[in-house]
Amino acid sequence: MKRPLQAVLLVLSGTSLLHLSLFTDLYLRYVKEWMRPLLIASGALLLLLGMADAWSQRRAGRGEPVGEHPRQQDHDGHGHDHAQVPRAAWLLFLPALSILFYAPPALGAYTASRQASKPVLEQNEFDPLPAMSPLPLTLRDFTSRVQQDREQAIKGRSVQMTGFVTPSQKGQGWDLTRLLINCCAADAQAVKVRIHGTPAPAANTWVTVVGTWHAGGTLGTGSAPVALDARSVNKVERPTNAYMDALPLPLRQGQRTSG
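Numbering (the working numbering), first residue to last: 625 to 883.
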């Protein structure tokens, strides 16, 4: 790869990062929200480096001094062109073009189906549940209540949760899922609630499920299944930031899948 193409690659990579993080929310498919300033700074730096490299090459083409020539002599008098880089560097154009023209989707059911559900933190005390029905919960809250709340406050309560559909590889039902990240999509971990009593919608469909705890084992202990007997399943739009275990999304009229 020649130096002019290196400058193009820097400019293209910088432009792609800026497009992703400055003008859209697509960066949330790959990293957490707090990383946005870092992406913007990185994109601006790459863009400036590419423009500076292109400018130095333009000056060199005019015969103006731009510093030491990259071609140096070894002890035998033979020249080595240090401006050359491996041909494999051409592959760097692919992710830059991909981000600019087609941003890959966020992780979903394919990743979640290959992971066990992420364990929740140990919790000894729980706040009283509000007297509303259905009760909106996150998947982690539901998991904690089912397996750790000795007061069994979740028993008999109608609850409401939102996530995406992951077809089950084992047993009956399907999994309502959230993928959580600490930094970026590479460290994503799944949180799942098994859904019984209704056919599985298409994989990766975002849904809000209303139902009651699927009885089994002893509620409030690790023997209790993290599962729900669904009364209704309604399609919802995918959230902008999908890597959060947020409260249920609002339903829109005409989105019912089953119930």
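The beta-carbon is built from N, C-alpha and C at its ideal position, and this holds for glycine as well.
Between ALA824 and PRO791, the gap from beta carbon to beta carbon is short of 9 Å. Under the Cβ criterion (8 Å, minimum of three pairs), the segment 803 to 820 counts as touching the segment 851 to 869.
It is roughly 14 Å from the alpha-carbon of GLY840 to the alpha-carbon of ARG769. Nearest to ARG781 by C-alpha distance, out of ARG738, LEU646, SER666 and LEU759, is LEU759. Contact check for SER757 and LYS816: beta-carbon distance about 24 Å, past the 8 Å limit, so the pair fails to qualify. Here the segment 655 to 673 does not lie against the segment 743 to 755, with fewer than 3 beta-carbon pairs under 8 Å apart. Here DSSP, grouped into helix, strand and coil, assigns PRO823 to coil.
When DSSP reads this structure, GLY835 sits in a beta bridge with VAL783 and ALA854.
Secondary structure remark: continuous alpha helix (DSSP H) runs of at least 4 residues inside the segment 760 to 815, in chain order: 763 to 772. Under the three-state reduction of DSSP output, ARG862 falls in the coil class, being neither helix nor strand.
Judged by DSSP secondary structure, ALA733 falls within the alpha helix (DSSP H) whose first and last residues are 733 to 736. Closest in C-alpha terms to GLY674, from the list VAL632, GLU657 and TYR654, comes VAL632. In the displayed model, VAL632 falls within a helix according to three-state DSSP. Short of 6 Å from the beta carbon of LEU636, and not among the five residues preceding or following it, lie these beta carbons of its own chain, in chain order: ALA720.
Bounds of any alpha helix (DSSP H) do not take in LEU843, whose DSSP letter is neither H nor E. In this structure, the alpha-carbon of SER645 lies about 45 Å from that of GLU775. Counting only the Cα atoms, GLY732 lies some 20 Å from HIS820. For THR842 and PRO752, the gap between their C-alpha atoms comes out near 20 Å.
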